[in-house]
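Each step along the sequence shown adds one to the number in our numbering, with nothing skipped, and position 372 is 1590. Backbone N, C-alpha and C fix where the C-beta goes; we use that ideal spot for every residue, glycine too. Predicted model, so just to flag it, every value in this text is computed and none were measured. This report concerns only the one structure given below.
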Amino acid sequence: MRFDTIIRNGTVVTASDSFICDVGIRDGRIVALAADLTDADEIIDATGLFVLPGGIDSHVHLDQPSGDGIVMADDFDSGTRSAAVGGNSTVLAFCMQEKGQSLRQALNVYHAKAEGKCHVDVSFHLVITDPTPDVLGQELPALVEDGYTSLKVFMTYEGLRLRDDEILATLDTARRTGALVMVHCENEDAIRYLIGRHEEEGRLAPKFHATTRPIAAEREATHRALSLAEIVDVPIVIVHVSNREAMEEIRRARQRGQTVAGETCPQYLMLTAEDLDQTEMEGAKFVCSPPPRDKASQEACWEGLEQGVFDLFSSDHCPFRFDDVEGKLNDKGKRHFRWIPNGIPGVATRLPILFSEGVMKGRIDINRFVALTSTNHAKLYGLYPRKGTIAIGSDADIALWDAGLKVTLTNDMLQHGADYTPYEGLAVTGWPVRLLLRGKTIVENGDLLPGGDRQGGYVPREKSSLVR
Ligand code: DUC
Ligand code: ZN
Ligand code: ZN
């Protein structure tokens, strides 16, 4: 058998196994896993390297409208470039429905934003902000059939949040159509009340973003989202869980027999609310929702990753420039935390952080790393087995990792549009030294290759493994 490419003698890792073998690739797919493959146009020596499925980051925000005068720092070009540099071959971005807009219109807008710009493969979650009878009764069922099989709802943010009856109606539609619903769990009324009190007391610095969004507001909303899903009898994903109490809600729901997936993110392992408490607005760099908590919460999130409460480790990449009037330091944001755009960059740092802090420090094994960063994303969001594993017939989306390479994170190497990384100066061990997208090397030694850029495309998805 002749191959386009052979990856020779690496340690192939899936969510369940690790073994040394060669990988034969033809026409963008994996067609052989065996010893001593020969006869290829290109042979890549992977001796001493891990051969992992490319990362799938199922929680990424790119080119989203973010409020008056605020501009997200990444479009689909820079965001997917950064994703590739960080070892990801697929990202799932959000397609935000504007109020009054049909979902088809929203999708047209996001497809146009992505068209011709993507360096890795992309797909879209729908964000439902206006669940009219037409949207739920007509549009969503047709879109699920067309491969848009997941959606997100917000319990917070005026203008985005759904009321409980609207969430129930959306969940019910998801159950009927086989879509998977992701829920942002924070209690908007409690947060607004606390913001009002902070305003009366003149407490407006960035650090008060964290104190107005306490753990109890996240825990209550998590419990409510799970209860609503139980009432309608549908699986859900609780996204960006930041602390033990919200995590325990997931555990308890599973004990009751509910089907629920949990997601956490690097910021909840690596940052705390103290990072928001700095002079000169520096804390604005770390404003995201839910906010980073404390050391005990970090430990809880590690426990959730180790014990399987969390299925997904995503970046929640939501980048804004820091030193910019269109970013964190906009005029209103300098005076009041509530106008600091909410989100931090992280699509390039997600995998190295979990590899270094998780695998290299012995908290999780390499198979669990693959599950948490690729395979589970593919399964839960309908891309498996086309993506998310190394198997015969799968897309040859492959990252070669040098587990011994020591790298100090700096903003420049991440190639995103933000002018900072929350992890500047963090020393990590292990790095994705080469990335193949559908069989073609697109990144080597930290850079997109000439001719390796803009190879990404849109991927429609099957239904989630949770709902099939
Ligand atoms: N939720 C997200 O998922 N990302 C950024 C901001 C938010 O509230
Ligand atoms: Zn969210
Ligand atoms: Zn997000």
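In DSSP terms, what residue i is bridged to
i       : result
Ser1236 : Val1231
Glu1206 : Nothing about residue 1206 can be read from this structure; the chain reaches only from 1219 to 1686.
Met1400 : Lys1370, Val1455
Val1278 : Ala1311, His1535
Asp1390 : DSSP output for Asp1390 lists no bridge partner at all.
Ala1614 : Note: Ala1614 sits in no beta bridge, so no partner.
Ser1341 : Leu1310
Tyr1676 : Val1340
Gly1273 : Asn1306
Ala1252 : Asp1240
Asp1293 : Bridge partners of Asp1293: none, in fact.
Lys1624 : Thr1647
Lys1658 : Leu1655
Arg1379 : Phe1372
Phe1268 : Thr1229, Trp1619
Cβ neighbour criterion (16 or more within 10 Å) applied to residue i
i       : result
Gly1420 : exposed
Ser1234 : exposed
Ala1514 : exposed
Thr1223 : buried
Lys1425 : buried
Asn1326 : exposed
Phe1573 : buried
Ala1518 : buried
Arg1686 : exposed
Pro1563 : buried
Ala1258 : buried
Arg1431 : buried
Asn1306 : buried
Arg1470 : exposed
Phe1268 : buried
Tyr1486 : buried
Lys1597 : buried
Ile1238 : exposed
Gly1624 : Correcting the residue type first, residue 1624 is Lys in the shown sequence and not Gly. That one is exposed.
Arg1379 : buried
Sequence-distant residues of the same chain with beta carbon closer than 8 Å to residue i, five excluded per side
i       : result
Phe1294 : Leu1280, Asp1281, Ala1311, Lys1331, Ala1332, Lys1335, Cys1336, Val1340
Asn1629 : Ala1636, Asp1637, Tyr1638, Thr1639, Glu1642
Glu1467 : Arg1437, Thr1440, His1441, Leu1444, Ile1456
Val1353 : Gln1315, Ser1320, Leu1321, Ile1346
Asp1304 : A small fix is needed here, since residue 1304 is Gly in this sequence, not Asp. Hits under 8 Å: Gly1273, Val1565, Ala1566, Thr1567, Arg1568, Leu1569, Pro1570, Leu1632, Pro1650.
Contact test: residue i Cβ vs ligand 3 heavy atom, cutoff 6 Å
i       : result
Asp1534 : yes
Distance cut-off 6 Å: residue i Cβ against heavy atoms of ligand 1
i       : result
Ser1460 : no
Asn1560 : yes
His1402 : yes
Ser1592 : no
Ser1775 : Missing from the structure shown is residue 1775; the chain here goes from 1219 to 1686 and no further.
Sub-7 Å separation of residue i and residue j beta-carbons
i       : j       : result
Ile1433 : Asn1461 : yes
Pro1537 : His1458 : no
Arg1226 : Asp1263 : yes
Val1527 : Gly1480 : yes
Ala1614 : Ala1291 : no
Thr1265 : Ile1608 : no
Ser1368 : Leu1398 : yes
Thr1298 : Val1345 : no
Gly1600 : Glu1680 : yes
Arg1672 : Glu1662 : no
His1427 : Phe1555 : yes
Pro1484 : Arg1553 : no
Val1588 : Leu1270 : yes
Residue i: CB within 6 Å of a non-hydrogen atom of ligand 4
i       : result
Pro1510 : Annotation note on ligand 4: not contained in the displayed structure, which lists ligand 1, ligand 2 and ligand 3 as its ligands.
Cut-off 7 Å between Cβ atoms - residues of its own chain near residue i, not counting five sequence neighbours on either side
i       : result
Arg1393 : Val1450, Asp1451, Val1452
Pro1244 : In the sequence on display, residue 1244 carries Arg and not Pro. So the list reads Phe1221, Asp1222, once near-sequence residues are dropped.
Asn1594 : Asp1529, Leu1530
Pro1508 : Glu1404, Arg1431, Glu1436, His1458, Ser1460
Nonlocal neighbours in the same chain, by C-beta distance under 6 Å from residue i, ignoring five residues either side
i       : result
Gly1580 : none
Thr1490 : Pro1510, Asp1512
Phe1540 : Lys1503, Lys1546, Asp1637, Tyr1638
Residue-level contact to chain C via CB, residue i, 7 Å cutoff
i       : result
Pro1271 : Of the protein chains in the structure, only one exists, and it is not chain C.
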